[in-house]
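Visitor: Mind looking over this structure? Questions follow.
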Amino acid sequence: HDTGQRCDAMRADKEKRRAISREAARKRRRVESDMFGDLSRLLPLPPSVRVHLDKPSIIRLTLSYIRAHALFKGEKQSEEAKGTEGVETNMLLTILEGFLIVLSTKGDIIFLSDDVSKYLGMTQTELMGYNIFEFTHPCDHEEIRNNLHLTEGVKKMKQKYLRCDTLTHRGRSANLKSATWKVLHLQGRAKACFGPSSASCLLLTCMPLPLSHTLLSTHTFTSQHSMDMRFTYCDQRATVFLGYTPVELQGRSIYELCHTLDTDCLTKNHLNLCFKSQSVSGRYRMLVRGGGYVWVESHSAVIPSPLCILCVTYVLRCVSNSQSVTKKKKSCLSCMSLESSRKPEHLVETQGEHANSHYCHEFHIERRRPGGKTVPATAQLDCPIHRSATTLRIRESQVRSTLWPP
Numbered sequence: 047h048d049t050g051q052r053c054d055a056m057r058a059d060k061e062k063r064r065a066i067s068r069e070a071a072r073k074r075r076r077v078e079s080d081m082f083g084d085l086s087r088l089l090p091l092p093p094s095v096r097v098h099l100d101k102p103s104i105i106r107l108t109l110s111y112i113r114a115h116a117l118f119k120g121e122k123q124s125e126e127a128k129g130t131e132g133v134e135t136n137m138l139l140t141i142l143e144g145f146l147i148v149l150s151t152k153g154d155i156i157f158l159s160d161d162v163s164k165y166l167g168m169t170q171t172e173l174m175g176y177n178i179f180e181f182t183h184p185c186d187h188e189e190i191r192n193n194l195h196l197t198e199g200v201k202k203m204k205q206k207y208l209r210c211d212t213l214t215h216r217g218r219s220a221n222l223k224s225a226t227w228k229v230l231h232l233q234g235r236a237k238a239c240f241g242p243s244s245a246s247c248l249l250l251t252c253m254p255l256p257l258s259h260t261l262l263s264t265h266t267f268t269s270q271h272s273m274d275m276r277f278t279y280c281d282q283r284a285t286v287f288l289g290y291t292p293v294e295l296q297g298r299s300i301y302e303l304c305h306t307l308d309t310d311c312l313t314k315n316h317l318n319l320c321f322k323s324q325s326v327s328g329r330y331r332m333l334v335r336g337g338g339y340v341w342v343e344s345h346s347a348v349i350p351s352p353l354c355i356l357c358v359t360y361v362l363r364c365v366s367n368s369q370s371v372t373k374k375k376k377s378c379l380s381c382m383s384l385e386s387s388r389k390p391e392h393l394v395e396t397q398g399e400h401a402n403s404h405y406c407h408e409f410h411i412e413r414r415r416p417g418g419k420t421v422p423a424t425a426q427l428d429c430p431i432h433r434s435a436t437t438l439r440i441r442e443s444q445v446r447s448t449l450w451p452p
């Protein structure tokens, strides 16, 4: 009987302790929810967005806004400037046709303009606080790391092309029907500060490549190329600017028509196009049949089926004198080019077995030094091909050996 009473007393005491523990946990959760509610109300976000934030998102956004405040705490604005700030910001972002991003030196996204959803399908709150490496193509990570290393002062960042994920966390694809990566053109400035309370960052403008063209300009022509940049088609308007008929351009390489000093620029753009499927060449010169050259800019994209390169070329300037290139410069550059006369049609073929994979093409080339000595070298080209059972042919005489060390 005493044993039963003792067991009942122990059971009652255990239930009492459980009730006290449950009440303490309920109170702790209530205090925690109140604290997160107060913290979310401090965020500069509309109420319709705040109600959908979970606790990790509140912490992530709070840390991002604290970092942004630390970056701009030294900036002073007049009352008049604050009044027109919103109007000017919206106007500038509309003109930009892109979005702004602020990155830390580790790649953390400190701030994004709210129009990022228009281009990537992910909202400002879904991206802020995350690392940019989580949303960019793995093949571009090394290029990003090289630009995140800053030196003291402010420097201008080179123009870069990166592939960003366009799939939201809910599985929706933005702006692209069949691709999950979108090529963005990044350009901006880096601010490097040193000290215990300093903060370094990169302020970048991100713009999608304008490859959906409405050909309203009379100074524009389109062309289609094989993967080694040989013409397979060209419209009649090219005759007006270059003097060549479409039949004469068939089978000719773009490298045969470009200015000698622009070969490096075009080669890098060609490799960039093979890597990322989209590219803007920048300004370069094309030789005209009657002599001289014209300044042009090509916007290119790889078409997966059938595999080819589609280019929209803008003529920026009329025919100029071609005598600006001296024989000395031509001979110097020719020594660094590949010896195409010995193996003019040596092709490397690689068969693809599935879509959206990467193919690594290895070129065995010779690099000639000014003294006449040839040095063997090997170069690799890693290309994303979005087509099954694809054969990629690249003429090795069009790949410049100067992009790889001997």
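Each residue of the sequence shown is one higher than the last, beginning at 47 in my numbering.
We treat Cβ as the ideally placed atom computed from N, Cα and C, and that holds for glycine.
1) Excluding sequence positions up to five away, which residues of its chain have a Cβ less than 7 Å from the Cβ of VAL334?
2) Could you give the DSSP three-state label for ASP54: helix, strand or coil?
3) Could you give the first and the last residue of the continuous alpha helix (DSSP H) run that contains PRO254?
4) Can you tell me the Cα-Cα spacing of SER159 and ALA65, whole angstroms?
5) So, is ALA347 buried or exposed, given that buried needs 16 or more other C-beta atoms within 10 angstroms?
6) Would you decide whether THR264 is buried or exposed? Buried here means 16 or more other CB atoms lie within 10 Å of its CB.
7) Please state if the CB of CYS252 and the CB of PHE145 are separated by a distance shorter than 8 Å.
8) For VAL342, which residues from the same chain have a beta carbon less than 7 Å from its beta carbon, with the 5 sequence-adjacent residues on both sides left out?
9) Classify THR359 as helix, strand or coil using the three-state DSSP reduction.
10) Once DSSP output is grouped into helix, strand and coil, what is the label at THR264?
11) For the beta strand (DSSP E) holding VAL97, just list the boundary residues, first then last.
12) Could you check if ILE147 is buried or exposed, using at least 16 other CB atoms within 10 Å of its CB as the buried criterion?
13) Have a look at ASP100, LYS73, LEU88, TRP227 and flag the residue whose alpha-carbon is nearest the alpha-carbon of PRO254.
14) Mapping DSSP to helix, strand and coil, what is GLN233?
15) Quick one, which of PRO102, ARG68, LEU307 has its alpha-carbon nearest THR171's?
16) Here's the rule I'm using: 16 or more other beta-carbon atoms within 10 Å means buried, otherwise exposed. How should HIS271 be labelled?
17) Rounded to the nearest angstrom, how far is the Cβ of PHE277 from that of ARG298, given a contact under 8 Å?
18) What separation, rounded to the nearest whole angstrom, lies between the Cα atoms of LEU230 and GLN282?
19) So, with DSSP's three-state summary, where would you put GLN324?
20) Relative to the alpha-carbon of HIS316, which residue among VAL286, THR291, CYS357 has its alpha-carbon at the smallest distance?
21) Taking just the CA atoms, how far does PHE157 sit from MET174?
22) Which stretch, first to last residue, makes up the beta strand (DSSP E) that contains VAL162?
23) Quick one: residues in its chain with C-beta nearer than 6 Å to the C-beta of SER344, no 5 flanking neighbours on either side, listed in chain order?
24) HIS187 lies in the alpha helix (DSSP H); which residues open and close that run?
25) Kindly indicate which three-state DSSP category GLU343 falls into: helix, strand or coil?
Guide: In short:
1) In its chain, beyond the 5 residues on either side, LEU288, GLY289, VAL340, VAL365 have a beta carbon closer than 7 Å to the beta carbon of VAL334.
2) Three-state DSSP puts ASP54 in a helix.
3) For PRO254, there is no enclosing alpha helix (DSSP H); the enclosing beta strand (DSSP E) covers residues 247-254.
4) The alpha-carbon atoms of SER159 and ALA65 are separated by roughly 49 Å.
5) So ALA347 counts as buried.
6) Flag for THR264 reads exposed.
7) Remark: C-beta atoms of PHE145 and CYS252 approach each other more closely than 8 Å.
8) Close CB contacts of VAL342 within its chain, under the 7 Å cut and outside five residues either way in sequence, are with TYR330, MET332, THR359, TYR360, VAL361, LEU362 (chain order).
9) Three-state DSSP puts THR359 in a strand.
10) Collapsing the DSSP output to three states places THR264 in coil.
11) Boundaries for VAL97: no beta strand (DSSP E) harbours it, and the DSSP string shows neither H nor E there.
12) Buried, by the Cβ-count rule.
13) Out of ASP100, LYS73, LEU88, TRP227, TRP227 has the C-alpha closest to the C-alpha of PRO254.
14) DSSP, read as helix, strand or coil, puts GLN233 in strand.
15) Measuring C-alpha to C-alpha distances from THR171 to each of PRO102, ARG68, LEU307 identifies PRO102 as the nearest.
16) So HIS271 ends up on the buried side.
17) Between ARG298 and PHE277 the Cβ distance is about 5 Å, and since that is below 8 Å, they are a contact.
18) For LEU230 and GLN282, the distance between alpha carbons rounds to 31 Å.
19) Here GLN324 sits in strand by DSSP.
20) Measuring from the Cα of HIS316, the nearest candidate turns out to be CYS357.
21) The C-alpha of MET174 lies about 6 Å from the C-alpha of PHE157.
22) It is not in any beta strand (DSSP E) - VAL162 carries neither H nor E in the DSSP assignment.
23) Answer for SER344: SER327, CYS357, THR359, listed in chain order.
24) 187-194 is the span of the alpha helix (DSSP H), which, as asked, contains HIS187.
25) Secondary structure of GLU343 (DSSP, three-state): strand.
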